[in-house]
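Have a look at the structure below before the remarks.
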Amino acid sequence: MRGIISAVSTAFSVLLFTSQPAASQDGDIDRLIERGRSVAIAGDCMACHRTAEADGKPYAGGYTISSPMGPIVAPNISPSKEFGIGNWTETQFVDAVRNGVSPGGYLYPAMPYTAYRGMTDQDAHALYVYLTKGTKPVDEAPQAKTDLPFPFNQRILMLGWNVLFNSAIPFQETAAAPGGHERGKYLVDTLAHCGACHTPRNLFMAENNDSYLAGGDVGGWHAPNITSDAVSGIGAWKNEEIVAYLKHGNAAGKSQAAGPMAEAVEHSFRHMPDTDLEAIATYLKTVPPVRAEGQTTPGFARSDAKAADLGQLDYGIDRDPKAMETGTSTNGEQLYVSACATCHQVNGKGTQDHFYPSLTNNRAVGGMTSNNLVMAVVDGVHRKTNDFTVQMPAFGEELSNAQIAAVSNYVLHRFGNEDLHVTEANVITLRNGGEKPLLVKATPWLMAGSVALAAIMLAASAFVWSRRRSRKHAAHEANPGDLQPLKR
Amino acid sequence: MASQFDADVIVIGSGAIGTNAAHLLAQRGKSVIILEAGEWIPRWKIVENFRSSPRKNNLNDPYPNFPWGMSSFDEDYIENTGNFNYVPYQLQLVGGTTWHWAAATWRFLPNDMKMKSLYGVSNDWPMEYSELEPWYDLAERNLGVAGSDTDDQSGRSGPAHPPRSAPYPVPAEGETYYFQRLKARIGAEGYSFIHEPNGRTNKPYDGRPACSGNNNCMPVCPIGAMYSGDVHARHAEKAGAKIITDATAYKLEKGEGGKIIAVHYRSSTGADVRLTAKTFVVAANGIETPKLLLLSDVANSNDLVGRHLMDHSGISLIFTADEPLWPGRGQVQQGAIFKWRDGDFRGQHSAIKHAPHNNVPNRDVAELLLRQGVVGPELDERIRHMSARWVVIESMFETLPHATNRVTLSKTKKDALGIPTLSFNYDLDGDAYVERARDLCMDDYGNFVRAMGGTVINDKTGWQNHAHVMGTVMMGTDPKTSVTNHEGRTWDHDNLFLATTGVLPSSSVLNPTLAGIALGLRTADIIAREV
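First to last, the sequence lines map onto chains A and B. Sequential numbering from 37 applies to the first sequence in this note's numbering. Sequential numbering from 151 applies to the second sequence in this note's numbering.
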C-alpha cells in the first residue's frame, strides 16, 4: 500500500515539476543534457547498462549482474522506442529510478533505486532528458534475458520488499548541488550509492544502519569499511589519498581498486570533477567511526615484510623432465617467487613508481579479510584510469584452488595479516560469488516444507543483491512501518 | 552423421597456428579435438625451470625433454648430414614453440609472394597478398600485435607499406635509448630503421598485461605479456574445443577415395588411440608436420614432403660502441635495419634483415672477460663498461628452396615410443645466393662499426639459423611441384589440411609465424564452410 502511495506521490511531484515551462532555448537543453550526463556518470549507470562485451554501445544493456538469486541482465536504457526507454514518459522514468516500478513491471533492486530515491527533482529531470535526448538509440535487445528461479521470478514480490526498504527522501537542490553543504553526502548516499556495497547486512539482509559504510561483501569481494575510523576505516587517510583512490584506483601504500570498485573507478569516479571527489572525501571523514572487532592495526599499516632467506629462495629444482612439467606444487613460497615476484618483487615492495603495487602496506593483504587478495589472484585486476590501464593477469585458470590458497597464505604471512588463513574451500566459495545469504540458502528447505508461502514472504523481504544493493541513507531514515511522503 | 565421427575436425598440434585455427572452427560451431604431444605447463613452472637452469642460453632448457618428446637440442633426436648443423628449436607443450619466440610479427610484402615472376628465383605464392590481407588482420587482432601504421616496411622510406585494411590493434611501443642511438648514427649512413611489429603487447590486451621490459622473451615471458599459443588454447577450449595432451600423433590412416579417415596417437605410457573425423588439420610445426606425413606415407605422391627446407640462415656481429647505449632495457628486439630489403638484386642474392638485439649483455660480457683471464676489481669495472656499450646485430638472409635441403626420418634411431627420430640435410656453404649476401652483409658490418666508433668483438660467427622453418610442405598451384594448394589442402587427400609455416613456398627475410597463423585462419575458414 505504501509503495502505491509513494508511487502516486512521486508521480505527483514529477507532474508538478514538469509543469514548469519547458526549456525554450537550445542552450538550456544542452546545459540540461550536460547536467544529466554528470548525474549518469556519478550514478554509474554505465556500470550495469552496458553490453556484455567491453566497449559496446552505451546504455545498450546485456551486461550480466550476478546476484545470489541468479544472473540479472541489465536492460537497454537507450532512447530506442522499441527496445529502450524511448517511449517512456518522464513520470514513468522517474518512477523506475526512484521506486523501482517501470512500465514493464517491478524492477529488481540490482537497480539501486532505493539510493536513487534520494535524487533531487532537478537531477531526476536532467537524467531523463539526457538519457532520452542526449544519447543514441540502440535498436536491439540484449541477447541474454533475466531468468531467476522460483520464487524470485515473481516480481510482484518486490511490492512487499519496497514497502519495507524503499523509503529514502529526496535531497533538496540547494543542499545537494555542487557547492551545497550536503553535496558529499548526496553523492555518497544517492548518486554513487556507496552503501549498496559498503554497508553490511543483518541476518534478514536488510542493511545494518548501526554499521553504515562499515564494509560489506560483494560477489566474493569485500567492500571495505569506509567510515572515519582511523584503524578500520579511512580516518587515517589524507583527503588527497581518498581523491587519488577514487580518481586512479590507487592510494599508493594503502590500497588499490579491483573487482567492482575498479569498475566504479573506470565508469564513474574518474570522470567526475575533482570538487565532487573532494566533497566525497570530506563527507566520508564525518561518517561515524565503526571499529572492526579486535582490529588494532590499520590494514595498510603493515609495512615490514618478514625477512626471507634469499638463499632459501634460490633453491635448486628437480630437473627430471616429469618434474619440470608438473605444476601442481602447493608450496606457497615457490608459487610466489615464480608467479608473483616478477612484478611484486621478492620482498613484496612492488616497484618504486608504484606501478606494481606493494603487498606490504596494502589493505587487501593487511586487513581483516583475505577476500580481496584471493579474488585478485583468481580474477586479476583490470582497471582503466585516465592515464593508463592497469592489468594484473588472472590466475584462476592457471593455478588450482589449493595453489591459490597456498600462495595467498604465503602472502598474508609474509606481507600482511598473518592471523588470516585461506583454505581451498574458501577459494571455491569466493570464486563462486561468496557466501550465499542465509535466507537464500534456506529457501529450498522452506519451499520443500508446507511453508512455501512463508518462504516467499521471507525471501521477498530479504531480496539482496551482490553487486548493487539498496540502502537507506541514515539521516533520512524512515521508521519501519511509517511512510514518509515525498517532499519537494 | 556427426555421431559417426569423434569430431568434425581434429587439429594435430596446439601451437599458435593450430589453436588459432581450432578456435575459429569451434567458434563456428564445429566439434574440434586438438591433439598435443606434450602437456599443459603453467607459466610459473616454466619461469622456475628457467631461473634454476644452469644453461641460460639454451632456449629449450626450461622445457622438459622426454624420451618420447625430445628436445631438438637432444643429439639422440636430431642428426645432420649436410654442411650446416640444423637445429629447429621446436617445443612440445600446449602452446607450442611460441613459448620462446620473441614475437616478431611482420607481414610479408606483396613482392615477397611473387619471387618467381618478379625476380626469377624461388616460388610465387598461390594467392595474392590481397587475399591473405584480411587473415593477417584477424591474426594481428588475435595476437594483439603492436606496430607502426606509418612505416614503409619495404625499407624504401616511402608511404606505409605493405597495405593494411585496419590499423595495428596496439600502437608501436616507444623506442629504447639503445635503438634511438643506433638509428641516429647508423641511419645517417643511409640505412632504414623500421619498427618491428611484435606480439609483446605494450598495453593490456585480451587479459594479458603490458610488457614491462623483463627482457626475457626467450626462453619465457615471466608475465604473459608476450603472446604464446596457450592463449588461444584456452580460447579454443572455452569455445568448445577439446584438448587431449600426452597424445603423440604417429599415423594418419588412409581410407577409400583418397580420404584420411583416422589419426592414431600414442601416449607416453605406450597406449594407442584411434580417432576419426571428417577433416584433419596437421598443425605440428614445419618439422613435425612433414614427419607425421612421412610416417603415414600420405600427401607424398610426388616425394616433396620434407624437401625445400628454408630457414633465415645468417650471421651476426658483436661490437662495443664508443658511447654508453645501455642495452637490455625494454624488449629484446625493437626493429630492423634495411638496405637490401627488396629489389631486382633478389634475382642474384638474398634480401637481408639486420636485427639489433637488445638483450641484457652482462653474462656474455662476463664470460668473454673471464676467458681472457680478467679478474678482481678490473673484472667488475670492465663488465660495467662493456655492458653499457655492447651491440649485437643478428642478420637474416632469404634462402631459396632446394630439394636437397630436407628433413627425413632417421633410418637408424627411434624414440621411446618406437617412432623414428629426425635427420636433416641442410647445406649453406657453396650456395652462391646466400654467400653473395654474406659478403654484402660484411660490408654493412664495417659501416655499422665505423658509424658507432666501435671495436669489433666478433664478426666471424659462421652461419646461424633462426628456427624459421619453411618450405617443407609447400603450397602451390601445381600438384607436381607442391604438397598443398592455396587452401592448405593436400593435393593427395581432400580432407587433409596442413597449417604450418612449412607451407610457405618462399622465405623472404621475415619471421614467418604471423603468416602461418594468417594462413591457418584462412584454412580454418575454408574448412568451416565445408564441414
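Don't be surprised by glycine CBs; every beta carbon is placed ideally from N, CA and C.
- The three-state secondary structure of V320(B), taken from DSSP, is strand.
- In the structure shown, T470(B) adopts extended strand secondary structure according to DSSP, grouped into three states.
- Between the C-alpha atoms of L466(A) and V414(A) there is a straight-line separation of about 9 angstroms.
- For the 8 angstroms CB-CB criterion, L442(B) and A399(B) form a contact.
- A distance below 6 angstroms between beta-carbons, with the five flanking residues on each side excluded, links T168(A) to the following residues of its chain, in chain order: P115.
- With fewer than 16 other CB atoms across the displayed protein chains lying within 10 angstroms of its CB, H457(A) is exposed.
- Secondary structure note for T651(B): it is in no alpha helix (DSSP H), with a DSSP letter that is neither H nor E.
- Using a 10 angstroms sphere on the CB of A400(A), the tally of other CB atoms reaches 16 or more, which defines it as buried.
- Our two residues, I69(A) and A160(A), have alpha carbons roughly 12 angstroms apart in a direct line.
- Across the set V623(B), L520(B) and D593(B), the C-alpha of V623(B) shows the shortest separation from the C-alpha of M460(B).
- Contact between the segment 259-268 of chain B and the segment 594-605 of chain B is absent, with fewer than three C-beta pairs closer than 8 angstroms.
- Taking a contact to require three or more Cβ pairs closer than 8 angstroms, the segment 148-159 of chain A and the segment 220-229 of chain A qualify as touching.
- Taking 8 angstroms as the cut-off, the beta carbon of L660(B) is found closer than this to the beta carbon of F258(B).
- In this structure, L313(A) keeps its C-beta atom at 8 angstroms or more from the C-beta atom of I262(A).
- Three or more pairs of CB atoms, one per stretch, sit closer than 8 angstroms, so the segment 393-410 of chain A contacts the segment 446-456 of chain A.
- R600(B) is bridged by DSSP to nothing; it lacks a bridge partner.
- Per DSSP, the unbroken beta strand (DSSP E) holding E229(B) starts and ends at I228 to N230.
- For G368(A), the number of other beta carbons within 10 angstroms of its own is at least 16, and it is reported as buried.
- Per the Cβ contact rule, the segment 644-651 of chain B is not in contact with the segment 265-272 of chain B (fewer than 3 Cβ pairs under 8 angstroms).
- Q303(B) and P440(B) have their alpha carbons spaced roughly 32 angstroms apart.
- DSSP lists no bridge partner for S304(B).
- The Cβ atoms of A250(A) and H390(A) do not sit closer than 8 angstroms to each other.
- Here G231(A) really is in contact with A151(A); their C-beta atoms are around 7 angstroms apart, less than 8 angstroms.
- DSSP assignment within the segment 158-194 of chain A yields no whole alpha helix (DSSP H) run of 4 residues or more.
- Here the alpha carbon of H229(A) sits roughly 7 angstroms from the alpha carbon of G79(A).
- Leaving aside the five residues that flank A566(B) on each side, the residues in its chain whose CB is nearer than 7 angstroms to its CB run, in chain order, P217 and W218.
- Under DSSP, no beta-bridge partner is assigned to I336(B).
- Of all C-beta pairs linking the segment 666-676 of chain B to the segment 163-173 of chain B, three or more are shorter than 8 angstroms, placing the two stretches in contact.
- In its chain, beyond the 5 residues on either side, A78 and G79 have a beta carbon closer than 6 angstroms to the beta carbon of L227(A).
- Burial state of S203(A) is buried, judged by a 10 Å Cβ sphere holding 16 or more other Cβ atoms.
- Per the coordinates, the alpha-carbon of D340(A) lies some 17 angstroms from the alpha-carbon of S444(A).
- Assigned with DSSP and collapsed to three states, H307(A) falls in helix.
- Inclusion of V681(B) and D158(B) in the CB contact set at 8 angstroms is warranted, their separation being smaller than that value.
- With contacts defined by Cβ atoms closer than 8 angstroms, G294(B) and D356(B) form a contacting pair.
- Under the 8 angstroms criterion on CB atoms, G580(B) is classed as non-interfacial with respect to chain A.
- With 16 or more neighbouring CB atoms inside 10 Å of its own CB, V323(A) falls in the buried class.
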